[in-house]
Structures are given as structure tokens and as C-alpha cells.
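The numbering of the sequence shown is my numbering, which starts it at 690 and goes up by one. One structure below.
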Amino acid sequence: MRATEQAPFARLLKHYRVLAGLSQEALAGESAVSVHAISALERGVNTKPQLETVRRLAVALGLDPDGRAALLVAARPGGAVRASAPPEPGVAARFDELPVPLTPLLGRDDDLVRLAELLGGAACRLLTLVGPGGTGKTRLALALAGRLRDNFAAGAVFVDLSPLGDPPLVLPAIADALKVREAGGQPLLDRVKDALRDQPLLLVLDNFERVVDAAPVVADLLVGCARLIVLVTSRIPLRLRGETEFLVAPLATPDLAHLPDPAAVAAYPAVALFRDRVLAVRPDFAITATNAAEIAAICVRLDGLPLALELAAARTRILAPDALLARLTKSLGVLTGGARDLPTRHHTLRDTIAWSYALLPPAERALFARLGIFAGGWTLEAAAAVCDPDGALGVDPLDGLEVLVAQSLARPTHGPGDEPRFGMLETIRDFAWERLEASGEVEALRRRHAAHFLALAEVAGPQLVGPEQAAWTGRLDRDLDNLRAALAWARERGEAGTGLRLAGALGRFWGERGHIAEGRAWLEEALALSGAAGEPAAVRARAFYAAGVLANLQGDQAWARRWLDRSIACSRDAADLVGAVRALNSMGGVMYDAGDLAGAVTYYEECLALLSTANEHAEVARALGNLGEALYHLGDLAGAAARYEEALMHARRAGRDDVTAYVLGNLGNVARQRGDLAGAMGLHREALERKRALGARRQIAISLDDLACLAAAKGQAARAAHLLGATQALRAAIGSPRPIPEQRAVEQVVAGVRAALGEEAWAAAFAAGLALPMEGAIAFALQA
């Protein structure tokens, strides 16, 4: 297949069907697509299937979003996976996972038609939905993206910017949503532009007003990515050339001087929205001749603002329309005359929130204000620790949250498992923050907030290796915005101890989750604070260590050595043997990654000498495993095998499943080199299964490489190509290029596989592997 040809839909469909273990008849039964139609598609008789047919087949095959996207793209002219050995992919083949609203969009049909027309024109590549908070900009943007995403081969991506307080965090947030990770020393902006350069994609950036100084990032992306369309929601325009502004107006309301009959009143968009939300709390509600005028007056009084209507509707649990109107009228009469530079409709929204706030009991008011300290949500545990540490608030946090949720002032966001999690709309959080400032408690709350998330990070750090790794990584993911807020407070207040401890505790998290540049920046800022030099040596050692590891992941080996040298010195000052050994081990890793195997051996042997009288099985296991790997690439199979066996014994004694899995895979490579291919498969299978249980994505990528090499040794060239494609996709997603010794070994395998298959078959097998999600790749790799 030539590099410019479309990857054949027929071949990809058959591949996925066989991978799923389905016959054509079974697939027909699952998808409601006839056997004849499936046969025609797989034989290439029908080369232009309907997209609905493709979606049915994808669902029946159990494909994940990447697999579905690959099938959809292959069905579109010009939209296939490239058949040549592709460049490292930065984004998934297609994005289809927009947030799904739980309520219908009402009263915006005309807006949707006009907005679709605007984005359909060649002149509009940046469309900003502007208007005050609470007008429904986000909801309208989601509806528009959902309607248009099939017009973009790469789909649509939604990025919520509301938790971000710093403009420099906008680019990392976009990269995270696109699954783009840093690699080597390439700037993140260049990585994102490379990933999007030829991708027809709709990028939705929500709540831009908090980070409007990041607008140049959007301009850079639009200039560098010719097929990118950006849809923004913001209270203020971005003020960029080529920007089209669209004012999201309030919903239409009736004319109180000329009211129509009740049915016509109910048809007005504002009334329809109010009625829909009231029905959620009062299923027996109806607009009648008796209450139509009062309902219309409520909607007019609230200026048709969706958020205001929703908040007012929540009050109908206990208030009839006439009582609701009376209270609302009184509240608006009292709370008038806001700042002149605020939009008039924002006055009304603030009045509505203030009115709901005023109805809270005193303890719930205090809780509401204090919850404004959280960025991106909170757990019950965090609410209690930060908002009511001494139990003097006067209400149990859970009981208080139930009241706030009922008042539509907070909302459950549902954490994994049994972990309750909550959040606020940003307009409501803004009001909560104002109340918190008025209380004079901001500084005390920020200090408690930072202390809580420092404690969380320090508990999580040791758990990021071992059987609970995935669970703790997920917990830190969910509180990343709170962790950032705590780090920002430490930076602003010059709290070097908090900054160093927090950024250092997150060291492994920054690397594993691809937040490499951000983590390094936080660490280096904390290390530069005036009080940093006075912090305990052990604290500085951990921060230096984390900064060095992250610098190495970026390919900045000069700074990696500098930071690790300082970590070694501080660890020795603190008489911290384990800290010194870890830094020396990582210094060996810097040498190994650069291809200096002899230098790596020197550092690993120094680690082992220091550990000779210590009862530190985990560190001994790591050093032995790394030494074995260096010897393996130096061609000393016997020496490597001996170190691996010894490392395995220590890893098992220490209960370190991550090191055990890593060493088992390396023993599999030794077995392959010795010709024991069956033994190698058994070792690699056990290693990969352990890594999957840990959620260790970087180690999973190593296992996929190992199994590709094993398949090549067995003469299974197509299988090897498939696994190499899957490995490349995973490494790109996590931003983890191969170290030089491993890259050299894989390049030899690639050359042999390409020669055995020929370019067309190689490209097809590689592309099929590239389209596999991680779980699909693991399942394929574990097949005998």
C-alpha cells in the first residue's frame, strides 16, 4: 500500500471482527446489520458504508473510542489511518466523548442554526460565545459541538478551563484533553501543533474569562493548525484577529402587558425552561390560567437567565408561584445597584444567588462561603478538614452539603466507587468567594486548604508504587486543581517548606501523568524561594530528586545531573541512605537513557555498595534490576540474568510488585536471547499481567516492545508489526520515548519485520496496532 492510500475499511473491519472472536453471522446478530452487508464490506464490494452502519458495527465489536474512530475514519474518503510507518501520533484518531448534559436544551434552536452557519463558513475559525455568567454559554457550546462533530474527521474536544487560575496552565490543559504528552526537549506548544497540524478538529474551550491572558496560545494554534476550529465560551472576548463574537442573549420572555393564553405563555423559552426545572422537584406542576401570569412575571423578573431560572425553580419545593414571586421581587428590590462596570444581567444573577444564599441557615451560609476555597471540587473528607476542622461550624458537612445541593448551590459530581465528590458552578463559586472574603477568613482557609492537600500528597506519594498505584493516581488526578491552588498559595506567600514538600511529594505523579514541564516548574520555583535553603536537608533532597527525574524525562540531562547531584549531597547531609541511593540510581538512569552504559553500570554498582549492609530490599532490587539491564545491552547475558534473579528475590521480599513485574520482563528477554521462546512468553505474560493490574502505562509499553521482539523471533512478523504499532501509540500518549539502548534494539527488529512483510503488509499491520487502545493491545499481546 502506498503511503498516500487510504487504509482499507474492509481489512480493518475483518481484523476487529476476528480480534473479537465473532463470525460474520454473530456480528450480524449483535449489530442488526445483515450478514450479506457485512460480507460485502469485508470483501470490499461496498467501499462507502453509511456512518450509522459503521457505528452499529463498532458498538457490536465492543470497540473503545480510539477503535471506533479508526473504523469511522477508514470509512471516510481521505480519513484513513496513514499506511506508512506513521509519525508519532499526538492525538487519538477521533474524539467523541463530549460531556453529556443531563437536561434538555430549550429555547436555543435559532441560535444553533446561526452558529452552525457561522462555523460552516470558511472565514470563521475562532467563534467566541460571549455573555454574562449564567446565560447558558457552556450548554449552548456543548449542543453545537454535538451537532457538528461528525463534520470533523477527528471529532470534537471539550476543555473546561474554569478550575484554572493561571494562564500558563491553559496549554497543559489543552494538551491533556488531546492526550498529548511531552517528549524529550520539544516545547509542549510545538507538540500540540504537531499533533493537530493535519487534524480536522473542533476544540471547545470553556470559561476562558478566567485565563484570558492565554489568548495568544489560541492564536498560535490557529496559525499553526490549518484545519483546527476553536469554539470558546467567555464573559469577555479574546480580542484576537479573526475572532467572531456571538452574544448569548437571555431566553425570550412574555410581554407582561399583553399576556397570551397559558399554552402560549408556556411556549416561551424562558418559561419552558423554568417549567422543565420545576417538574424535576414537583412532578405535579402545571401552568394554568391561575398561575400563568405569576410564572411569566417570575421569568421576566429573572431576565430569562437560565441559571437564575434554575435556582428559582429549586425554591418551588416549598413555595407556590405567588410566594416565590413575592420573595423574588423583594430580594431584587433590596439587592440593586451593583458595580457600574458589571453587566446589568449579572446584577440579576448575583441577586438570585444572593437570594438563595440568604435563605440558608447561618451554619450552611458559613459552609457555603468556605467551600469557595476549593478549585475543581472536593470530597467530604476535604470539606470537613478545611471548612470545619474543630467541629465548631454548627452543622455536619454532609448535612450541610445536602442543603446546598437541594438549593442548587452545590452539585454532586460523583467520584469513583463510594467516594462522594461535589463541586460548584463557577458563577456560584465566585459568589461564595466574595462571601468568604467578606468573612475575613480567606487566609486561614487557604492555609488549611494547603495543609490538607499537602497531607494528601505526602500520603499518596509512597502509594504511587505497588498495588494501590492506580487508585491513588486517580485520586490525585481528581484533585489536581486543588493541588495547583495549594502550590500557588505557597509561592505567593513564600512558604518554601510547603512548596518544596508538596511539589516533591508529587514528583512521581508529575512524571507518570505527563505533567513533566509543569511539575518541574513548580519544583524549581519552590527551590528558588528565599527560604528554601533553610528547609531541612531531607525536604530539599526529595525536591532536588524529583526535579532531576523530570528534567531527565524532558531530555535535559545537564540539569538532571545538576539536580540529582544536589539531591545526593542533601541526602548525605541528612544521613538519608535511601534518599542518596535513589538519586544515585536515577543518575545511572540518566546515563542509561543517553546510551552511556558503562557510566550507568558505575552508578548502579555504587548503589549496591552503599546498600551492602542495609536491609533495604526494594532499593537493592531496583539497583540490581537496572544493573542487569545495562549488562544485557552490553551483551553480558549471563551477568544480566544473575542480577535479574537476585533482583527478583529482593523485590518479592519487599512486596514491590512494580519491580517484580519489571524484572520478570527482563528475564523474558534473556530467555528469548537464549532461544527459550516458550519460557520467554511465560515470563512476558506474567510481567504484562502484573503491570496491567498496577496501571503502570510506561512499563506496559516496555512489555509490548518486548513481546514484539519475541514475535519477531518466532517468525510472526505481522504480529510483531501489530505490537510495534500499539507500542508507538501508547508511548506517544504518555510522552515516554524509548531510551537509546532500547531504541537501537527495536530498530533492528523493525528492519527485519519490514523486510519480511514488505511495505504494504507492514504498513497495514502497523496501522492496525496503532489504532488499538491500550486494553485491546494488552489482550492481543497476551494471546498465545
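Cβ atoms here follow ideal geometry from the backbone N, Cα and C, with glycine treated the same way. As the structure is a prediction and not an experimental result, all values here were calculated from the model.
| Asked | Found |
| --- | --- |
| Three-state class that DSSP yields for Phe-974 in the structure shown | coil |
| Buried or exposed (CB count within 10 angstroms, at least 16 for buried), Asn-1355 | buried |
| Gln-1216 vs Ala-1236 beta-carbon contact at 8 Å | The question names Gln, but residue 1216 in the sequence shown is Leu. For Leu-1216 and Ala-1236, yes; Cβs fall inside 8 Å. |
| Nearest candidate by alpha-carbon position, reference Asn-735, set Ala-699, Leu-711, Gly-1200 and Glu-714 | Ala-699 |
| Ala-1227 to Leu-1266 span [Cα, whole Å] | 11 Å |
| Alpha helix (DSSP H) segment containing Asp-865, residue limits | 859-866 |
| C-alpha distance - Leu-850 paired with Ala-1453, whole-angstrom precision | 39 Å |
| For Val-1475, the first and last residue of its enclosing beta strand (DSSP E) | Residue 1475 is absent from the model: the chain starts at 690 and stops at 1473. |
| Reference Leu-1172, options Ala-759, Val-907, Asp-1088 and Gly-1065, closest by Cα | Gly-1065 |
| The segment 1159-1174 / the segment 1114-1128 touching (three or more Cβ pairs under 8 Å) | no |
| Beta carbon of Leu-1316 nearer than 8 Å to that of Arg-1332 | yes |
| Buried versus exposed, by CB contacts within 10 Å (16 or more), Glu-1318 | buried |
| DSSP bridge partner residues for Gly-1317 (one or two, in chain order) | Paired residue(s): none; Gly-1317 is not in a bridge. |
| Proximity of Pro-995 and Thr-824 at Cβ, strictly below 8 Å | yes |
| Assigned exposure category for Ile-925 - 16 Cβ within 10 Å defines buried | exposed |
| Alpha helix (DSSP H) runs wholly inside the segment 696-742, at least 4 long, in chain order | 698-708, 713-720 and 724-731 |
| Separation of Leu-890 from Arg-797, as counted between CA atoms | 24 Å |
| Local Cβ density within 10 Å of His-704, reported as buried at 16 or more and exposed below that | buried |
| Cβ contact check for the segment 1435-1453 and the segment 1398-1410: 3 or more pairs under 8 Å | yes |
| For Ser-728 and Arg-744, the rounded distance between their alpha carbons | 17 Å |
| Distance between Ser-923 and Gly-854 (C-alpha atoms, nearest Å) | 14 Å |
| Ala-941 (DSSP reduced to helix, strand or coil) | coil |
| Reduced DSSP secondary structure (H/G/I, E/B, other) of Gly-1150 | helix |
| Three-state class that DSSP yields for Ala-665 in the structure shown | With the chain covering only 690 through 1473, there is no way to say anything about residue 665. |
| Arg-1341 - DSSP class collapsed to helix/strand/coil | helix |
| Integer Cβ distance of Val-1438 from Cys-1398, believed to fall under 8 Å | 5 Å |
| Distance between beta carbons of Ala-1307 and Val-1348, contact taken as under 8 Å | 7 Å |
| Residues sharing a beta bridge with Trp-1067, DSSP | Phe-1111 |
| Nearest-angstrom Cα separation, counted from Phe-784 out to Gly-1458 | 18 Å |
| Nearest to Leu-829 (by Cα), restricted to the options Asp-944, Val-802, Gln-1152 and Ile-1042 | Val-802 |
| Beta-carbon contacts of Ala-908 that lie in its chain and below 8 Å, excluding the five residues immediately before and after | Leu-929 and Arg-930 |
| Contacting residues, own chain, Cβ-Cβ under 6 Å from Tyr-1234 (five flanking each side not counted) | Ser-1256 and Ala-1272 |
| CB-CB length for Leu-1326 against Val-1359, believed under 8 Å | 6 Å |
| Beta-carbon proximity check, Gly-913 vs Ala-959, cutoff 8 Å | no |
| Distance between beta carbons of Ala-903 and Pro-943, contact taken as under 8 Å | Incorrect: roughly 41 Å between the Cβ atoms, too far for contact. |
| Pro-793 in three-state terms, based on DSSP | coil |
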